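*Asks:* Numbering (full-length UniProt numbering), first residue to last: 1 to 323.
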């Protein structure tokens, strides 16, 4: 694992969502970073033991979360907060997910503003652009976020981005970064894309083979770590090298695509959900229909993020983890 060397003095970093996919990728890097003195984990569950971690129990959905967060962030100076408390596992309780992501983010942003933190990092998704037939060849950070009709999973992220944008306008002294990730793939992750590709046969939409991007989990961890010291702010598309048609991505992951006409395709996805597979929700059908390819140039030039892995590598890593 590459270690990004320290900038100015020892740093105290706060993290929400330390036990989620993003947190699991970032915490070991912060632990290994000689410039990080301590990691304040703000979560409902303590992460695996690490020498730098200080755990403070906070439930972001509680009525008193804002005050708890403010107290924790002001007790000792904090140099940056990574707000990573977003759900990617099978969501059985939509309203609770909304509470955590949207209301929880509201509490976090209020606390960050009151504590006057110098830096805030929030992950998002390139899926927030939406998959549409009239998308440009490359979606840049200024492209509108159309989201996905009927998908709370995507649209909650669009709402969070709106909250973060308003926060940045009100608090220009806090360097605020939003990292929009293409689908994350890797052996340690559990999200809609990894669950979809974990099946031996993956239903696809007959007559459509959209281009997909992906990010290897190691690249995703590097991107989060780079955000700790980046001089830039704003939104950044985090994508792996290259693209693949969805059918190629499925094959690279060791599965076989099964093209089906629309009604049968929807039925196949519902059947997977009915047996508890928790794969790609039917609401996300647009992403099996149209391409949504994001331009990663700004992340390279302003964040210093150059992906090491091709989309093929990310899918192959998923296949090896299942063998």
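Every residue, glycine too, gets a C-beta built ideally from N, C-alpha and C.
Just so it is clear, the structure is predicted and the values come from calculations on it, not from any experiment.
Using the C-alpha atoms, what's the distance from residue 245 back to residue 101?
*Replies:* Cα-Cα distance, rounded: 31 Å.
*Asks:* Please name the residue in 25, 49, 138 whose C-alpha comes closest to that of residue 189.
*Replies:* The option with the nearest alpha carbon to residue 189 is 25.
*Asks:* Considering only residues of the stretch 105-131, which uninterrupted beta strand (DSSP E) runs meet the minimum length of 3 residues and lie entirely inside it, listed in chain order?
*Replies:* With a minimum length of 3 residues, the continuous beta strand (DSSP E) runs that stay inside the stretch 105-131 are 119-125.
*Asks:* Just the C-alpha distance for residue 251 and residue 18, rounded to the nearest angstrom, thanks.
*Replies:* In a straight line, the C-alpha of residue 251 is about 32 Å away from that of residue 18.
*Asks:* For residue 310, which residues from the same chain have a beta carbon less than 8 Å from its beta carbon, with the 5 sequence-adjacent residues on both sides left out?
*Replies:* 240, 241, 242.
*Asks:* Whose C-alpha, out of 302, 77, 14, is nearest the C-alpha of residue 237?
*Replies:* If we check each option's Cα against that of residue 237, 302 comes out closest.
*Asks:* For the beta strand (DSSP E) holding residue 37, just list the boundary residues, first then last.
*Replies:* 36-43 is the extent of the beta strand (DSSP E) around residue 37.
*Asks:* For residue 98 and residue 152, which I take to be in contact (beta-carbon distance under 8 Å), what is that distance rounded to the nearest angstrom?
*Replies:* Sure, about 6 Å apart at Cβ, within 8 Å.
*Asks:* Is it the case that the stretch 55-68 contacts the stretch 31-45, given that we only count it when at least three CB pairs across the two stretches are under 8 Å?
*Replies:* Output reads yes: the stretch 55-68 touches the stretch 31-45.
*Asks:* Kindly indicate which three-state DSSP category residue 242 falls into: helix, strand or coil?
*Replies:* The answer is coil: DSSP assigns residue 242 none of H, G, I, E or B.
*Asks:* Would residue 308 pass as a contact of residue 227 if the rule is Cβ separation under 7 Å?
*Replies:* It is not a contact, given that the beta carbons lie outside the stated cut-off.
*Asks:* Here's the rule I'm using: 16 or more other beta-carbon atoms within 10 Å means buried, otherwise exposed. How should residue 79 be labelled?
*Replies:* Buried, because 16 or more other Cβ atoms sit within 10 Å of the Cβ of residue 79.
*Asks:* Go ahead and pull the three-state DSSP assignment for residue 203.
*Replies:* Residue 203: strand per DSSP, three-state reduction.
*Asks:* Helix, strand or coil, according to DSSP, for residue 293 in the structure here?
*Replies:* It is coil, neither helix nor strand.
*Asks:* Since residue 154 contacts residue 125 with CB under 8 Å, what's their CB separation in whole angstroms?
*Replies:* Correct: roughly 7 Å between the Cβ atoms.
*Asks:* Report yes if the CB atom of residue 70 is closer than 7 Å to the CB atom of residue 114, and no otherwise.
*Replies:* Yes, the Cβ-Cβ distance between residue 70 and residue 114 is below 7 Å.
*Asks:* Excluding sequence positions up to five away, which residues of its chain have a Cβ less than 8 Å from the Cβ of residue 233?
*Replies:* Hits under 8 Å: 168, 175, 176, 177.
*Asks:* For residue 54, does the three-state DSSP call read helix, strand or coil?
*Replies:* In the structure shown, residue 54 sits in a strand (DSSP, three-state: E or B).
*Asks:* With a Cβ-Cβ cutoff of 7 Å, do residue 30 and residue 81 count as a contact?
*Replies:* The answer is no: Cβ separation not under 7 Å.
*Asks:* Could you give the DSSP three-state label for residue 264: helix, strand or coil?
*Replies:* In the structure shown, residue 264 sits in a helix (DSSP, three-state: H, G or I).
*Asks:* For residue 287, I'd like the list of residues in its chain whose CB is within less than 6 Å of its CB, leaving aside the five on either flank, ordered along the chain.
*Replies:* If we look at residue 287 and ignore the five residues flanking it on each side, its Cβ neighbours are 131.
*Asks:* Tell me which residues share the same chain as residue 231 and place their Cβ nearer than 7 Å to its Cβ, disregarding the 5 neighbours each side in the sequence.
*Replies:* Around residue 231: no qualifying Cβ.
*Asks:* Quick check: the Cα distance between residue 224 and residue 160, rounded to an integer number of angstroms?
*Replies:* Going by the C-alpha atoms only, they are around 18 Å apart.
*Asks:* Label residue 83 either buried or exposed according to how many other C-beta atoms from any shown protein chain fall within 10 Å of its C-beta, with 16 as the threshold for buried.
*Replies:* When all chains shown are included, residue 83 counts as buried.
*Asks:* Rounded to the nearest angstrom, what separates residue 74 and residue 201 at their Cα positions?
*Replies:* Spanning the two alpha carbons is a distance of roughly 51 Å.
*Asks:* Taking the alpha-carbon of residue 112 as reference, which of 222, 164, 180 has the nearest alpha-carbon?
*Replies:* The residue with the shortest Cα to Cα distance from residue 112 is 164.
*Asks:* Since I believe residue 16 is in contact with residue 65 (beta carbons under 8 Å), could you give me their beta-carbon distance rounded to a whole number of angstroms?
*Replies:* Actually they are not in contact, since the Cβ atoms of residue 65 and residue 16 sit about 10 Å apart, beyond 8 Å.
*Asks:* Would a C-beta distance cut-off of 7 Å place residue 185 and residue 318 closer than the cut-off?
*Replies:* Taking 7 Å as the Cβ cut-off, residue 185 and residue 318 qualify as a contacting pair.
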